[in-house]
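Have a look at the structure below before the remarks.
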Amino acid sequence: MLVRIAVAVVCVPLLLLAMLPSPPLVWTVVVALIAAVASFELLRAAGEEKISPWMTGIAVLSALCIPMGCWLGKGTAVVSVCTFVVMAVSFWCAIRAYDEGSTPIRFYHVMLTLFSGVLIPLGLSALVLLKKMDHGEFWVLFAVLMAFVTDAGAYFVGVFFGKHRGVTRVSPNKSLEGYVGGFAFGVLYAVMYGLAVQTFFHFQVNFLPLVLSGLAGALATELGDLSFSFVKREFGVKDYGHLLPGHGGMLDRFDSMIFCAPVVLFILQAIPVM
2 MLVRIAVAVV CVPLLLLAML PSPPLVWTVV VALIAAVASF ELLRAAGEEK ISPWMTGIAV
62 LSALCIPMGC WLGKGTAVVS VCTFVVMAVS FWCAIRAYDE GSTPIRFYHV MLTLFSGVLI
122 PLGLSALVLL KKMDHGEFWV LFAVLMAFVT DAGAYFVGVF FGKHRGVTRV SPNKSLEGYV
182 GGFAFGVLYA VMYGLAVQTF FHFQVNFLPL VLSGLAGALA TELGDLSFSF VKREFGVKDY
242 GHLLPGHGGM LDRFDSMIFC APVVLFILQA IPVM
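In terms of my numbering, the sequence shown opens at residue 2 and continues consecutively.
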């Protein structure tokens with residue numbers, strides 16, 4: 002527990018420093034590195050011996066490129082090229098392995114490489130686009146804290162009030178009360194965040210997109226957490242990595258963000274906040 006707290010004390014201020022006062026490029030580089038590490042961790046969890054090093058390399062490279070493409074305003078083109086290249090390299094590796102009679106690369110390995118190299122960085126790239134919005138420092142912080150607050154709310158409500166456990170076999174220790182608590186914390190947080198921005202920075206805030214972000218973002222956060230717990234069950238791993246002592250790997254910390262950030266981005270772009 003002490004190690005977990007110590008790592009959080011060190012890492013959280015660094016993350017906030019990169020997120021808030023820094024130019025968008027600095028934050029983009031941080032997101033790209035997070036996406037690349039998360040992509041690598043997922044492929045490693047699947048079993049490195051089953052996936053060609055070429056597939057791992059191209060997935061990690063794609064995960065670096067997609068956030069940078071979003072920062073440059075070329076997101077659609079970069080995602081299209083990365084998708085094609087990752088798919089082409091993965092199928093080429095699978096065909097070569099089949100021809101050589103070596104350890105077979107299955108179709109699901111190709112899809113896994115596409116998921117790790119394209120969909121993971123694509124979800125996280127919403128954080129880059131949030132930073133580029135007007136007053137983007139407010140909205141990228143809003144999305145990041147949305148995921149963390151929802152996760153924390155679900156955890157603490159589940160620990161202290163959870164009685165109806167086993168809602169899903171993917172996370173049998175999580176309770177119905179915990180899920181409801183996470184959802185409630187997410188919505189309450191969205192309202193409180195809007196009030197704080199309005200009070201301390203004197204902006205006129207439209208609370209409708211914030212409340213909708215709280216509703217949809219909290220649900221997306223909990224679905225993201227369950228989804229990557231399902232992946233862990235599928236591959237029989239407890240954590241995706243050990244990069245952050247006490248917290249697991251990068252993907253363990255940012256899994257729910259892959260689902261939450263795009264939802265928040267869509268709502269805040271669709272409905273003006275200020």
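Just so it is clear, CB atoms sit at the ideal spot from N, CA and C, and this is done for glycine as well.
All figures in this text were calculated on a predicted structure; none of them were measured in a lab.
Buried or exposed by the 16-neighbour rule on C-beta atoms within 10 Å, applied to residue i
i	result
Pro22	exposed
His1	The shown model of the chain, from 2 to 275, leaves out residue 1, and the question about it has no answer.
Thr169	exposed
Leu269	buried
Ser81	exposed
Thr57	buried
Val10	Low confidence applies to Val10: its pLDDT is 45, below 50, so where it sits in the model is not reliable enough to give any reading.
Tyr109	exposed
Phe236	exposed
Cys12	Residue confidence for Cys12 is low, a pLDDT of 49 falling below 50, so the modelled location carries little weight; the figure read from the coordinates is stated next. When all chains shown are included, Cys12 counts as exposed.
Arg68	The residue you asked about is not Arg; residue 68 is Pro in the sequence shown. Looking at its Cβ environment, which holds 16 or more other Cβ atoms inside 10 Å, Pro68 is buried.
Lys239	exposed
Trp28	buried
Pro24	exposed
Gly48	exposed
Residues bridged to residue i (per DSSP)
i	result
Arg166	Ser176
Inter-residue Cα distance where the pair is residue i and residue j
i	j	result
Gly225	Met251	14 Å
Ala1	Pro210	Missing from the structure shown is residue 1; the chain here goes from 2 to 275 and no further.
Val141	Ala98	43 Å
Val150	Arg254	13 Å
Val173	Ala219	At residue 173 the sequence reads Pro, which differs from the Val that was named. Each residue's alpha carbon lies about 20 Å from the other.
Pro122	Leu128	10 Å
Gly154	Ala89	42 Å
Gly124	Ala221	12 Å
Val38	Ala95	23 Å
Val119	Ala36	10 Å
Glu138	Cys66	22 Å
Leu113	Leu44	7 Å
Ala191	Ala64	29 Å
Cys83	Ser126	14 Å
Leu100	Ile52	Position check: residue 100 holds Asp in this sequence, whereas Leu was assumed. Answer to the nearest angstrom: the Cα atoms are 16 Å apart.
Gln205	Leu26	28 Å
Gly76	Phe92	24 Å
Ser40	Ser176	29 Å
CB contact below 8 Å: residue i versus chain C
i	result
Met56	You won't find chain C in this structure, because it holds only one protein chain.
Legend entry - Cβ contact check for the segment 232-239 and the segment 195-205: 3 or more pairs under 8 Å: By the C-beta criterion, the segment 232-239 is judged not to be in contact with the segment 195-205, since fewer than 3 inter-stretch pairs fall below 8 Å.
Inset, instruction - Check whether the segment 180-192 touches the segment 124-140, taking contact to mean three or more Cβ pairs, one atom from each stretch, closer than 8 Å. - result: no
Legend entry - Cβ pair count under 8 Å reaching 3, the segment 57-72 against the segment 26-35: yes
Inset, instruction - Starting from the N-terminal side, write out each stretch of the alpha helix (DSSP H) that is 4 residues or longer and does not extend beyond the segment 44-113. - result: You should have 54-72, 76-101.
Inset, instruction - May I ask you to verify whether the segment 102-111 touches the segment 153-162, counting CB pairs closer than 8 Å and requiring at least 3? - result: no
Inset, instruction - Return the chain-ordered ranges of every alpha helix (DSSP H) run that is complete within the segment 169-228 and spans a minimum of 4 residues. - result: With a minimum length of 4 residues, the continuous alpha helix (DSSP H) runs that stay inside the segment 169-228 are 177-202.
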